[in-house]
Structures are given as structure tokens and as C-alpha cells.
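First up is the structure itself, then whatever we jot down about it.
Residue numbers (the numbering used here): 40 to 864.
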């Protein structure tokens, strides 16, 4: 036989067979335990990249492994097909976004099939298909009926290049995350999901996600950002208005010396109108709004502000407090107004020093005296209140409660909880997205599109020459009639944020062809939640948080009976080349299709799995691909060179095997144990593959021409079959071909995972380490079942140890059973 296996012929053969036989098509089976494994579905850009290869190879190993363990595995695939990239790319090429998207889907589907991925392709979905987004539109209307959707005017992040609104998370250092062009503030109406109604539940739910990386849980916890404290009203001087603040430090309220407002605060216009400061304030607001687009929420800008000319009254002291507009106050957090206590808040301290505002210490940490004139920084610690009226002398914690209670009694304050999380703005002003199912009637107002008229179809999406301008430019689409009164009306021209589609696709996979409802209840109850979700950590906040929110919406609408969508989460690392993430802009992309053409899909998969643990970044290494190819060819030669052993059955009594055979038999079971543990415990496929490589090396050694003792055919058969079974989830084409070649009538895909025998894997001898005062001084071979007393005796009588003891009596002897003895003298 050839010394190298023909990967092209083998992979083509098995892919065609899988295409015809559909072995991965599944349905609900109440007699089998289900397992739902899912990789984040791709945007159909036209080509898969090495990140895709790694992501989908990880998921495929898990899917194939779980099938071999007897689970009813659902492993679907689809396309996150709407969005600006498709629209922009299509515009540049002069084609319709639908044509460009579906062409890319066809090409990428073929690429994924060429990787040998075990998807149930009958469940394939594309979010741009009206059969998908009709149900999304229905869910929107059902949320609207429950008061979970609303429309309001807001200042948004506007990308002029993409001609759309961006969520604040999509603005990176003042630029659009897609086109990298500057983002500007703009006021317009938009639709919002009330995710804040679920803020506390989303926060509490994080405590149940034991299968998620702690890093991701922490990121979501911080994003939701719960704070407990006091809301308090500061009356505006010479006005009926009041400024409501929220503070987590009510114990410092007697130290307020000025008020800071966010530039978007709705009271500013009334505060400055007609005052000499009006023009200065308006100019400052315009400049700050632009600057805000260039910084993230977590970045700390240089502090600037301007006096409004207005004052408010501290309800606790009656003091007259100047009102400033400041660039560091966030409208998105609390109330957009901050009572400034420069003695006890560093930002306020820096602002006060810059603008020569008073500093008034009112909380003294234990053993410290504070003088405003000599303070170099704010004192943010708790302590004992001073100069705080009736609350003077109280410690901070006691004072917080007492001050809140007093404010509540007087009617100008109350205990309050606030969240950093803001409602989700879903309106986008482009063509390639799901139309929002709303109609505007001058007589009847805002009306939802009747359910029987869904879906509201994107005009021209089924015609390559059809219109694809933004919907607000398409009069034929806009013109409609009111479903209530029949008068002339207008359609909503915004489309939904594409994160809406990706927030529930995992649920639709459970019944993707259901034409009666978004989900089939029976199927959803059987398959959900997803048991293992796989994707990049860059989705830790947006996609994952929105999916958790949407799952609760689906629950409350009666479609599912779960709270959390993903039981376990694996965030795989990036693929790195030349010290940077692979990307077209950096010119360091490796095309997986070229690798598959040169080495085959199995080698490409093996490299991506072996090069690094899945949660770590994978450093591209061409030699590593060659090494993976050499390993598979070594296994191929080992199997084809020993075909005669596959007609043998295991010899009767394992205990009667000679040393050489028993060593190989033991090593084989140890390998089963190591591979199983590596997959079950942390998906460290690199250590699993390494274990199989060790076994292959031993088989090679023991079957080489230089070996003086022959291996029993039955033991060799067992060991080689085990290699094939253990490698199958990683390199399925190769192993199916070898399995068939060695005479098996049942495909390896239907063969159970090998059973680990702990007794068979147990070593007969161990290497016992002997230390003196913690330093290794000797090693000896001994029986594996040696007890602690015998270990002590062997250590004390060892000749090399005697030289170090020099007759001294040990003070202490520490024994780690089966491993080491440490003699302390």
C-alpha cells in the first residue's frame, strides 16, 4: 500500500456518504438523553477563516464524542445574514444584498461541508429569510402589547458612512465598529426593548451560570451595574423644577458644594434660557457630545465643565448650590445629575480644584483629621460624620440608613436601586434588516401590523434587480393603509438591529420548519437549553446578554420554560499569526481552503485542535500543520501495515499476557482514561491528542522490526481500534476509512466510545521519589500497591538516602501515598 493516505479521495467519499445518508439528522427521542451543542453562527462574508475552522472543529469534536457516548445530539448550523456588511459589500459590487448574501451562503456551506462537520443541515436557517423574521416581527408585536417595547426621541450615535445608528457598544474610540469612520451625535426617534425591566433577574441569573467562564460572568455583572443608595430631590432656585440625584454615599450629602449635570440632561435648556451663560453652555454641550463619541463608557476623559448660571437648594442644609454642566457625568447612569462632594469623591475633587469650588469634609476616617485647604486628594473611605447636623457622630453605615429614612419622612428622598444597564435601542436606518412591523396613522396613531399580515417583507429581497435603498427612500414600501380605520398611513422605515435575530436563533433551531408559531413547545422543551455554546469572548456582553434577555421574553410569552439559554459556555481564543490576530487588514490571513486542498480537512482540524487549549490563543505555525499531517500518515502506515491482526479476537485471560503485551494493554486503557478526562473536564483536545500520540509511538516501537518480542495480534488489534475510536471525533474521515478498511461492518460513528477499565490501567510498578528536607535525593521502583509503612521502610533503608542522613534520626517523615517520601532531619 501507499505510504501516504489519499485524503482527497477519502474525504470526498465520506462527505458524499454523509450527504446522502444524513446520519446527523435528529428528532426528539424521549428515551434518549439529549445534548445540544452549538457554535455561534457565522455572518456569511463569503469565506470561512481559521477562526471558523477552530470554532467549528471544537464543536464538532464535542458533538461526535457525545453521540458515541449515547446522547441524542442536535448540532445545527445557520447564517446571521442581515446587517450592514452585506449591504455595504453589495453596494460596492453593484449587486443586491440578497443575491450577495445567498451566494456567500452557498459558498460557505460547501466550505463547511468540506470540513466534515456533523451538522443536521435540515435545520439550516438564514435570518434574512422571511420565514424566520416573520416570527421575530410577531414577537416584537407581542412585546409591544405587554409594554416591553416603546418609541422615544433620543440622542444616538450616528455613523454617516454606514448611514445608521450604532449602539454605544458598537462605538470604538469614537469610530464605527464596522467602517472605522467617526461617529456623530444625532437626535431622532427610535424603538427600544425594555431590557431594564429584567435587569435584576439578569443579574441574579448570573449566579446560576456555573458552566460559564468567570470572566464573562463578571463582565455581564459589571455591565448590568447594580447600585443601591438614595434618590434625592434638589429644588431649583426660583423655579418649580427639581433636580433628582442618585447617590450611593448619602452619608456625604452635607458636603455637597456644587451640582454636575450630564450634557444631555433635559433640564439644561430651561436652566440656561435667557442667562448670560447660555451660548457658552450650548457650545460646551456640542463639543462634549462629539468628544463622547470618541471615548468608551469606561474611559475617563479630562474633566471639563461650565457654570449654567443657575442654583439649586440642598434639602438637608438649605445651602445654595451652583449648577454646572460637566463632561464626565453620564446620562446613562443614575439620573444624569450628580451631587458633587469634592472632599469625598476624586472626580469631584479634581473638578473643584480646577474651577476653584469649595471643598467641605464631612466624613472623617478613623484617626484622621481632614482640612480642606491641605487635602491633596479626596478621602473616599467610610468614617465618622462631622458637620452633618443631627447625623454628626454617626458612622457611615448607620448614617446612610438614617439619612435615607429622614429624606423619606420629609418627602424629598427615598431608598433607590439603579442599574448601569440601559434599554436596548433596536432601530436601524438601513435596508438589509428585518422591517419593524409598525404603521403610523394620523388618525389612529401608532398601530402594530396585524398578525395575519406578517411577515412585513423587505421589498425587492426576492428580485436580484429589485430596490435596495434604505426603506425611508422607498415610497412604494412606505405607503399603506391603517389596519384600524382604513385611511392612508405610513409604514415604519427602520429595520431591527441584527442582534435581535441572533438573540433567539438557537431556539428556532429546535423547530426551524414550524409554520404555526416561532417555536414548537414540545421540541423546545426537549432540546433547550443549549448544553454547550461555543464562540468568541468578544460577544460576552452584547450577544450573550441579549440572548439571556430574549430567552426570558420567550418564557414570559409562553414559548419556552427555561430562564437561561446556554448551560455551558466555551469562549475560544483567537488565531494569531505574526503576533497579531489574523485579519485581511493586517495581511496575515491563512485561507483554510488552501490548507484543506494541500493537507486535507482532517489535518487542518487536527492542527487547530492540537496547537493550543481551546480557551487560549492559537499561534499559527506552518510546521505544526506539517506535523499533524505526518502523524496521520504514521497512523495510516501503522494500521495498513498490521491489517492481519484485525481478524484476531482478544486472548482469554488478560492476566496471562506477557510483560510486553500487558504494558501495551495497560497503556491503551490509560490512554482511554486520559482522552476521556481531557474531553469531559475541560475540552483540552490538545492533551487528548497528545495522549493518543504517545500510544501510537509505543505501538510503533513494539511492532518495529527491532522489537525482540512480538505483540499479540489481539492486543495490537485492541490498541489500534482504540486509537481509531479516540481520534474519530477529531479526524472523522480518516478514522471512518481506517475502520472500514480493517473489516468493520458498522461505521465508527455508530460505535460506542471505548470503556475505561481502571483496574486494567493500574500500574504494577511505580517510581517512588525520596526527598531529604524537601530536596529529591533518590528514586526507586516499587510495587504500585505498596502501603505507607512500607514506603517509609524503603526510604530509610535506601543506600543513597543513608549518605544524606549521616546517622541522624528523622524529626518527621511525610508520605504521599504512591508518590513520594520526604524525610525531615
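Beta carbons are placed, not taken as given, at the ideal position from N, Cα and C, and that holds for glycine.
Which first and last residues belong to the beta strand (DSSP E) in which residue i is found?
i, result
"residue 274", "265-274"
"residue 806", "804-811"
"residue 792", "Unbroken run through residue 792: none, as it is neither H nor E."
"residue 191", "188-198"
"residue 230", "222-232"
"residue 378", "376-379"
"residue 528", "527-530"
"residue 575", "571-575"
"residue 560", "Element bounds for residue 560: not the beta strand (DSSP E) but the alpha helix (DSSP H), 560-566."
"residue 518", "518-520"
"residue 143", "It is not in any beta strand (DSSP E) - residue 143 instead sits in the alpha helix (DSSP H) that spans 136-153."
Alpha helix (DSSP H) containing residue i: first to last residue?
i, result
"residue 238", "238-244"
"residue 173", "169-184"
"residue 300", "Segment 297-300 is the beta strand (DSSP E) holding residue 300; no alpha helix (DSSP H) there."
"residue 500", "Segment: none, residue 500 is in no alpha helix (DSSP H) and carries neither H nor E."
"residue 326", "317-331"
"residue 545", "544-547"
"residue 700", "698-721"
"residue 588", "581-595"
"residue 110", "Taken as a continuous stretch (DSSP letters only), residue 110 belongs to no alpha helix (DSSP H), as it is neither H nor E."
"residue 539", "537-540"
Could you tell me which of the options sits nearest to residue i, measuring between CA atoms?
i, options, result
"residue 85", "125, 100, 70, 479", "125"
"residue 419", "379, 609, 863", "379"
"residue 818", "809, 370, 825, 824", "809"
"residue 769", "53, 98, 79, 57", "98"
"residue 175", "564, 537, 560", "537"
"residue 851", "858, 845, 862, 841", "862"
"residue 834", "493, 853, 824", "853"
"residue 468", "582, 371, 510, 289", "510"
"residue 327", "345, 188, 435, 171", "345"
"residue 4", "581, 117, 832, 706", "An answer regarding residue 4 cannot be provided, because it is not within the stretch 40 to 864 covered by the chain."
"residue 319", "143, 301, 329, 348", "348"
"residue 797", "153, 355, 439, 705", "705"
"residue 555", "257, 491, 841, 738", "491"
"residue 428", "415, 417, 442, 416", "442"
"residue 789", "369, 101, 211, 109", "109"
"residue 876", "258, 301, 278", "With the chain represented from 40 up to 864, any question about residue 876 goes unanswered, as that position is not in the structure."
"residue 849", "836, 386, 756", "836"
"residue 858", "839, 823, 214", "823"
"residue 523", "516, 483, 506", "483"
"residue 571", "314, 831, 95", "95"
"residue 257", "630, 226, 243", "243"
Which residue or residues does DSSP assign as beta-bridge partners of residue i?
i, result
"residue 729", "According to DSSP, residue 729 bridges with nothing at all."
"residue 658", "615"
"residue 118", "165"
"residue 815", "810"
"residue 675", "Partner(s): none; residue 675 has no beta bridge."
"residue 346", "363"
"residue 204", "197"
"residue 396", "The partner list for residue 396 (beta bridge, DSSP) is empty, contrary to what the question assumes."
"residue 215", "210"
"residue 285", "270"
"residue 351", "275, 360"
"residue 250", "607"
"residue 486", "478"
Would you please state the rounded distance, in angstroms, between the beta carbons of residue i and residue j? I believe it to be under 8 Å.
i, j, result
"residue 843", "residue 816", "5 Å"
"residue 235", "residue 603", "So it is not a contact: roughly 19 Å between Cβ atoms."
"residue 23", "residue 298", "The shown model of the chain, from 40 to 864, leaves out residue 23, and the question about it has no answer."
"residue 710", "residue 734", "4 Å"
"residue 520", "residue 528", "6 Å"
"residue 640", "residue 78", "Incorrect: roughly 16 Å between the Cβ atoms, too far for contact."
"residue 658", "residue 703", "With 8 Å as the limit, residue 658 and residue 703 do not qualify as a contact, their Cβ atoms being about 34 Å apart."
"residue 44", "residue 675", "4 Å"
"residue 90", "residue 614", "5 Å"
"residue 590", "residue 601", "6 Å"
Step through the CB atoms of chain B and report whether any lies within less than 7 Å of the CB of residue i.
i, result
"residue 213", "The structure shown has no chain B; it contains just one protein chain."
(request) Could I get the ranges of all uninterrupted alpha helix (DSSP H) runs contained in the segment 414-481, with 4 residues as the minimum, in chain order? (result) The segment 414-481 contains these whole alpha helix (DSSP H) runs: 435-449.
(request) Starting from the N-terminal side, write out each stretch of the beta strand (DSSP E) that is 3 residues or longer and does not extend beyond the segment 40-106. (result) List check, beta strand (DSSP E) in window: 73-78.
(message) In chain order, what are the residue ranges of uninterrupted beta strand (DSSP E) at least 3 long that sit wholly in the segment 813-848?
(response) Uninterrupted beta strand (DSSP E) stretches at least 3 residues long and entirely within the segment 813-848 occur at 814-822, given in chain order.
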